[in-house]
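Novice: Pasting a structure below so you can have a look.
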Amino acid sequence: MQKLFSLICLYLSIGLSQAKARSDYDAVAKECTTSLSDFPDIRLPGALRPERYHLDIVPSTNGPPYIFHCTTTIILICNEPTEYIRLHSLNQLFLSIRLELLPDDYIFTNNWTHAYQHETDISNHTSPFYNFDTFYEFVKGRFVGTQNSEVDQFLAGNSTIFEELNKPNEQNEPNGKASKTEREISGYSIISCSQTPHEMIEMQVNKPLTTGRVYKLELKTMSIITSDSIGLYHAAFTDKVTGAESDVLTTMFEPTRARYVFPCFDEPDFKAVFTATITRAENKISIMNLPRRMTLGPDANGNYVDVFDEPRDVRMSTYLLTFAIGEFDSIEGNYNDIQTRVFGHRSFINDAQLILDVTKLGLEFFEHYFQIPYVFPKLDSVVVPKMDFGGMEHWGLVTYNRKAAIFENIDSYSFVNLNTLVAHEVAHQWFGNLVSPSWWDDLWLNEGFATYMMYFAMDKMSPDLQIADLFFTSPVRGIHEVMTVDQKNNSHPIYVPVKEPQEIEEIFDVISYAKGGAVIKMMAFFLGEGTFQNGLKRYLIKHSFSTASHNDLWVALSEQAKEDGLPMTDVKSVMDTWILEPHYPVVMVTIADDMSSVCFEQSVFVETAGQESRADDVIWQIPIACTSATELDFEKGPDDIMWLQEKRQCFAIDILAPGDWLLCNVKQEGFYRVNYSLENWRRLTDQLNLDHTVIHSINRAQLINDAWELNKMGHVTASVALETLEYLEKEAEYLPWKTASLHLEYLDQLLQLSRHYGQFRIYMKSKLERVYCKSSHRSTLQQRMLHRTVTRWACEFDLPSCIQDMLDIYTAHVQDENIQIEADILNTVFCVAEREGQYVPLSKRKEAPFQNEVDAEMLASGCVRTPWEIMESLDFQLHQPFPNKGVLDRLTATPTGRLVATLYMLDRWPDIANMSTAEPYTTVLFVQELVEKISTQWELQQVENVLNIDDVGRAILVQQKGLITARINYWEEIQDEVISWLYRPRE
């Protein structure tokens with residue numbers, strides 16, 4: 009994301025009195041320069057610290073484009089003498105800057121006031137530049153030589169620095185200088201103002217600020233309200249029945265975007281108390297982190313001012329500040345004396361009940377778990393039309409993306425995602441808000457903890473849902489997913505030194521969230537639940553309303569471990585390698601012939617041998633707990649751990665009988681893979697076939713996942729991986745089937761263009777028939793998720809009973825719209841109806857369909873199977889500004905679809921390549937969906953012939969060829985074993 013500075017320093021006015029808006033604009037003092045100073049530091053200096061901010065926000069009421077006026081008042085404490093004030097600021101028009109020395113006891117007497125502190129009547133007040141055209145003319149008129157194009161660039165958020173500032177106001181200041189009396193009273197003046205690198209401004213003061221003294225800095229700015237989810241931005245709800253739009257203004261400041269809205273110390277370590285006043289139209293309401301104390305108005309423009317200025321003792325980082333303005337309705341349901349509400353558009357507010365319910369449950373759970381009260385008198389939520397994330401943990405006012413939070417007919421996946429999303433944001437109120445990371449390199453302290461806690465808390469709050477187990481198989485930030493990511497060459501450590509804003513944004517990824525959560529899960533295991541809980545409490549209490557690093561967490565947990573008498577008390581020595589190194593280990597397990605001991609050997613698990621040699625000196629301290637066919641104990645704790653602290657270690661064990669299998673990493677508490685001898689693998693898969701239920705479902709999923717990933721890396725043969733699938737027709741639980749389905753899908757792609765694909769389809773039907781029939785019983789959440797997964801596969805492989813069931817369900821629904829299709833199988837039902845030629849478009853039978861029905865109809869267009877229908881659907885998608893990824897995936901997911909898409913690319917490549925100029929997303933997405941399934945040299949040759957024609961194709965080929973070649977080579981290595989396995993006799 010390109011971020012350009014926009015700083016226009018018009019003039020500086022120094023004084024004690026509060027000036028009126030118009031006179032602020034006309035006062036003139038020293039001119040500010042716009043040259044870059046020699047300032048290499050990316051971090052703000054510590055000479056000044058903010059104690060309090062007050063923001064007076066006045067947004068425009070007409071647009072787009074929209075603008076807003078902000079008066080930022082900062083109370084500063086000087087920690088060391090300095091002549092410079094440095095703040096973060098980006099894309100702002102500065103109107104005035106004032107600096108004032110305050111009495112020594114200002115902070116401690118709570119003498120904090122703002123313009124509306126004691127106001128009761130604002131009927132004579134006017135709001136500056138409410139009319140956009142007036143603002144446009146003002147900008148042009150105040151800058152001599154400014155061209156319309158320069159103003160337009162500012163309004164687009166990409167402004168150039170105006171080089172010539174406005175001339176002195178002859179009427180007010182004939183000499184172009186501030187009055188002598190004003191200077192003498194203040195004692196301070198800003199003698200220069202410049203833009204510096206790293207999105208900062210630097211103001212030089214006429215004399216050093218004094219250590220221990222308190223100052224008030226007032227900055228008046230105007231900025232653009234963006235349409236992107238950056239800073240203060242504009243979006244709109246559309247009523248699906250009437251089509252009417254409802255405007256919303258809201259904010260997104262994480263990680264470094266508060267500087268787009270007001271000049272500030274925009275780093276997490278600079279915590280301060282925030283208050284605000286927000287001007288709004290009569291038909292809208294405004295909400296922010298704090299409760300609204302009162303509303304004033306109307307003013308001379310017919311607008312109202314909402315005052316948010318209590319409590320005044322909660323210190324937070326700038327990225328946690330937020331506010332929203334819109335025509336909101338709300339629902340309410342308090343937890344004890346904490347007000348909890350959800351705000352949103354009237355058309356869907358009643359669908360927000362789940363957010364409210366989980367918020368209340370989360371407050372109750374986390375207050376009890378941490379034994380630390382929630383600090384605000386309210387925890388509101390607001391659902392906004394769009395944002396970059398599913399949710400954002402603003403303290404006291406959590407923001408949710410409508411697409412992630414509102415469902416008219418919710419399916420099991422969305423139900424899980426919404427529950428965990430809300431639990432995630434409520435967990436942040438302690439981990440991230442009460443205690444924030446000192447710097448963004450410890451982002452995982454926020455996101456890893458919230459990820460772990462969202463599963464842990466949901467398991468405690470609603471144990472019947474069994475949501476904690478879904479941490480392993482979640483397609484978004486799940487443990488299996490992140491292990492696949494972390495074994496790639498280009499992975500990065502959990503703790504990453506970051507500097508620039510772009511680097512900071514890049515680490516908001518699956519490593520920080522899911523790997524962070526997974527190693528925290530491992531830490532909770534080896535410390536034990538009680539020690540872990542009390543250690544977290546110790547950490548949070550010590551660093552409340554402040555910031556901390558991972559080393560502070562290690563200290564708190566180590567102290568608690570010593571106090572509790574644990575054998576492992578040096579948390580830092582264990583955890584540093586897990587967060588400071590990329591990748592993770594694989595542990596080779598070797599059982600002694602007499603079954604009395606076991607040896608473990610660790611090595612890094614990474615894609616290439618070159619990476620292995622570079623990481624060969626990395627030694628993880630690995631907590632290993634095992635069980636056996638004789639013991640069958642899947643509830644392990646700290647006392648059961650064997651610590652692998654060297655490259656290879658052996659331990660005496662007494663849980664094995666002759667012929668037993670041994671299974672390690674019980675319930676996959678540790679973040680590592682496990683490999684065994686061929687004999688032990690055989691015993692484990694024999695157990696799965698004999699009675700799979702004696703092995704915990706988490707470990708059944710782990711065995712399947714580890715075996716296949718070990719095979720891809722050459723650690724075990726394909727036969728070992730294939731044997732883990734043999735028992736699947738008996739499997740009646742979601743986790744193993746979900747894990748197996750991902751590897752079966754990959755195997756399906758490898759086989760599709762071979763003459764053995766028909767035999768694979770016969771094999772798949774044999775595995776699916778029994779489990780499809782059994783999965784129709786779905787009283788629990790995981791049973792519904794299993795039925796969804798198995799139904800999709802059964803119909804993909806043309807299981808007759810599945811096809812007929814889907815058609816019967818669809819026919820009944822079309823004949824009577826009161827018969828709703830179960831949300832979990834909606835996509836499959838629509839897909840089968842489309843494929844079988846029985847689909848009736850929604851436009852012909854429903855005035856206001858559910859959004860998931862609209863989405864399912866779009867996906868169904870990718871279910872066609874005849875070449876001409878595939879060609880037609882491809883043509884339609886590739887002429888959309890944003891093609892549907894799911895549709896393209898389905899179109900290229902069958903042998904016919906792959907061949908037709910390849911021929912389509914051969915025939916139409918010049919047109920597709922030309923799209924890259926206007927719609928680069930379209931070209932890349934189409935090619936990616938096609939090439940990620942390639943498994944034959946013929947396909948690769950066709951793609952190379954096309955893509956090498958021009959620069960667009962060559963650039964895509966450079967990115968994709970390595971992955972294609974690796975897939976082809978992998979298939980060549982395993983195909984003999986796979987074919988032999990497919991044709992072997994079975995009962």
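Numbering (the numbering used here), first residue to last: 9 to 995.
Cβ atoms here follow ideal geometry from the backbone N, Cα and C, with glycine treated the same way.
Report the residue from E753, M230, W651 and T81 whose alpha carbon sits nearest the alpha carbon of V66.
Specialist: As a working note, residue 66 is residue 58 in the sequence shown. Minimum Cα distance to V66 is reached at M230.
Novice: According to DSSP, simplified to helix, strand and coil, what is W628?
Specialist: Locating residue 628 in the sequence shown gives position 620, where the first residue counts as 1. Of the three classes helix, strand and coil, the one that applies to W628 here is coil, per DSSP.
Novice: Taking contact to mean 3 or more Cβ pairs, one atom from each stretch, closer than 8 Å, check whether the stretch 555 to 564 and the stretch 444 to 457 are in contact.
Specialist: yes
Novice: I need the DSSP call for R3, collapsed to helix, strand or coil.
Specialist: Outside the shown range of the chain (9 to 995) lies residue 3, about which nothing can therefore be said.
Novice: Can you tell me which of the three DSSP states Q983 falls into?
Specialist: Taking the first residue of the sequence shown as position 1, residue 983 is located at position 975. Correct three-state label for Q983: helix.
Novice: Of the residues Q767, A841, P58 and T330, which one's Cα is nearest the Cα of Y241?
Specialist: The count along the sequence shown starts at 1 and reaches residue 241 at position 233. Of the candidates Q767, A841, P58 and T330, the one whose C-alpha sits nearest the C-alpha of Y241 is T330.
Novice: Looking at the unbroken beta strand (DSSP E) that takes in C658, where does it start and where does it end?
Specialist: The residue you call residue 658 lines up with position 650 of the sequence shown. Counting along the chain, C658 sits inside the beta strand (DSSP E) bounded by residues R656 to A660.
Novice: Could you check where the beta strand (DSSP E) with T409 kicks off and where it finishes?
Specialist: Position 401 of the sequence shown, counting from 1, holds the residue named residue 409. Thr is not the amino acid found at residue 409; the sequence shown has Asn there. First-last of the beta strand (DSSP E) with N409: L405 to N409.
Novice: Return yes when the Cβ of L755 is within less than 9 Å of the Cβ of V493, no when it is not.
Specialist: Residue 493 sits at position 485 when you count from the first residue of the sequence shown. Residue 755 sits at position 747 when you count from the first residue of the sequence shown. No, the Cβ-Cβ distance between V493 and L755 is not below 9 Å.
Novice: Apart from the five residues just before and just after D897, which ones in its own chain have a Cβ nearer than 8 Å to its Cβ?
Specialist: Counted from its first residue, the sequence shown places residue 897 at position 889. Only G870 and E937 meet the Cβ criterion.
Novice: Could you check if E739 is buried or exposed, using at least 16 other CB atoms within 10 Å of its CB as the buried criterion?
Specialist: If you number the sequence shown from 1, residue 739 lands on position 731. Buried is the call here.
Novice: Please report how far the alpha carbon of N2 lies from the alpha carbon of I972, in whole angstroms.
Specialist: Outside the displayed span of the chain (9 to 995) sits residue 2, for which this structure offers no information.
Novice: Using the three-state DSSP reduction, which class does Y196 fall into: helix, strand or coil?
Specialist: Sequence index remark: in the sequence shown, residue 196 carries index 188 (1-based). Three-state DSSP puts Y196 in coil, outside helix and strand.
Novice: On the DSSP bridge assignment, give the partners of S231 in chain order.
Specialist: Position 223 of the sequence shown holds residue 231. Bridge partners of S231 according to DSSP: F76 and Q100.
Novice: Looking at the secondary structure, which residues open and close the alpha helix (DSSP H) in which L565 lies?
Specialist: Locating residue 565 in the sequence shown gives position 557, where the first residue counts as 1. Residues H558 to E571.
Novice: Closer than 8 Å by C-beta to T303: which residues in its own chain qualify, once you throw out the five before and the five after it? Chain order, please.
Specialist: Against the sequence shown, residue 303 aligns to sequence position 295. Within the same chain, T303 has close Cβ partners Y312, V313, D314 and V315.
Novice: For the structure I just gave you, are there three or more beta carbon pairs, one from the stretch 355 to 375 and one from the stretch 207 to 223, closer than 8 Å?
Specialist: no
Novice: For V594, write down the residues that DSSP places opposite it in a beta bridge.
Specialist: On the sequence shown, position 586 is the one that residue 594 refers to. Answer by DSSP bridge pairing, in chain order: S611 and R681.
Novice: What three-state label does DSSP hand R800 in the structure shown?
Specialist: If you number the sequence shown from 1, residue 800 lands on position 792. In the structure shown, R800 sits in a helix (DSSP, three-state: H, G or I).
Novice: When you compare only the Cα positions, how much space is there between M208 and Y61?
Specialist: Locating residue 208 in the sequence shown gives position 200, where the first residue counts as 1. Locating residue 61 in the sequence shown gives position 53, where the first residue counts as 1. Roughly 18 Å separates the two Cα atoms.
Novice: Rounded to the nearest angstrom, what separates N344 and D388 at their Cα positions?
Specialist: Numbered from 1 along the sequence shown, position 336 holds the residue referred to as residue 344. Numbered from 1 along the sequence shown, position 380 holds the residue referred to as residue 388. The alpha-carbon atoms of N344 and D388 are separated by roughly 14 Å.
Novice: Straight-line CA distance for L758 to N977?
Specialist: In the sequence shown, counting from the first residue as 1, residue 758 sits at position 750. In the sequence shown, counting from the first residue as 1, residue 977 sits at position 969. If you take the alpha carbons of L758 and N977, they lie about 11 Å apart.
Novice: By a C-beta neighbour count over all protein chains shown, 10 Å radius and 16 as the cutoff for buried, is Y912 buried or exposed?
Specialist: Stepping through the sequence shown from its first residue, residue 912 is reached at position 904. Y912 comes out buried.
Novice: Helix or strand or just coil, what does DSSP make of A332?
Specialist: Walking along the sequence shown from the start, residue 332 turns up at place 324. In this structure, A332 counts as strand in the three-state DSSP scheme.
Novice: Please report the Cβ distance between R106 and E226, rounded to the nearest whole angstrom; I am assuming they are in contact, meaning their Cβ atoms lie under 8 Å.
Specialist: On the sequence shown, position 98 is the one that residue 106 refers to. On the sequence shown, position 218 is the one that residue 226 refers to. Sure, about 4 Å apart at Cβ, within 8 Å.
Novice: If I measure Cβ to Cβ from P53 and keep anything under 7 Å in the same chain, skipping five residues before and after, which residues do I get?
Specialist: Taking the sequence shown and counting its residues from 1, the one referred to as residue 53 is at position 45. These residues qualify, in order along the chain: R94.
Novice: Can you name the residues that DSSP bridges to R288?
Specialist: In the sequence shown, counting from the first residue as 1, residue 288 sits at position 280. Looking at the DSSP assignment, R288 forms a beta bridge with Y312.
Novice: If we ignore side chains and look at the alpha-carbon of each, how far apart do I632 and L736 end up?
Specialist: On the sequence shown, residue 632 is found 624 positions in, with the first residue counted as 1. On the sequence shown, residue 736 is found 728 positions in, with the first residue counted as 1. The straight-line gap from Cα to Cα measures roughly 28 Å.
Novice: Alpha carbon to alpha carbon, how far is P918 from L933?
Specialist: For the purposes of this step, residue 918 is taken as residue 910 along the sequence shown, with counting starting at 1. For the purposes of this step, residue 933 is taken as residue 925 along the sequence shown, with counting starting at 1. Cα to Cα, the separation comes out at about 16 Å.
Novice: If I follow the unbroken alpha helix (DSSP H) through Y771, where does it start and stop?
Specialist: Translated into positions along the sequence shown, residue 771 becomes position 763. Run containing Y771: Y765 to K782, per the alpha helix (DSSP H) assignment.
Novice: If you measure between the beta carbons of Y680 and I630, is that distance less than 9 Å?
Specialist: Sequence index remark: in the sequence shown, residue 680 carries index 672 (1-based). Sequence index remark: in the sequence shown, residue 630 carries index 622 (1-based). Closer than 9 Å, so yes.
Novice: Output the boundary residues of the beta strand (DSSP E) element that contains Q212.
Specialist: For the purposes of this step, residue 212 is identified with residue 204 of the sequence shown, where counting begins at 1. Q212 -> beta strand (DSSP E) spans M208 to L217.
Novice: On the three-state DSSP scale, how would you describe T42?
Specialist: Residue 42 sits at position 34 when you count from the first residue of the sequence shown. Confidence at T42 is low in this model, with a pLDDT of 39, below 50, so the placement of that residue should be treated as unreliable; the coordinate-derived value is given next. Looking at T42 - three-state DSSP - the assignment turns out to be coil, as it is neither helix nor strand.
Novice: Compute the beta-carbon to beta-carbon distance between E615 and M596, rounded to the nearest angstrom, for a pair I have assumed lies under 8 Å.
Specialist: In the sequence shown, the residue the question calls residue 615 occupies position 607. In the sequence shown, the residue the question calls residue 596 occupies position 588. Not quite, the Cβ-Cβ distance comes to about 18 Å (not below 8 Å), so this is no contact.
Novice: Looking at C78: is its Cβ nearer than 9 Å to the Cβ of T218?
Specialist: Here residue 78 corresponds to residue number 70 of the sequence shown, with the count starting at 1. Here residue 218 corresponds to residue number 210 of the sequence shown, with the count starting at 1. No. Outside cutoff.
Novice: CB-CB under 7 Å to D806, same chain, minus the five flanking residues each way: which ones, in chain order?
Specialist: Against the sequence shown, residue 806 aligns to sequence position 798. Nothing meets the Cβ criterion.
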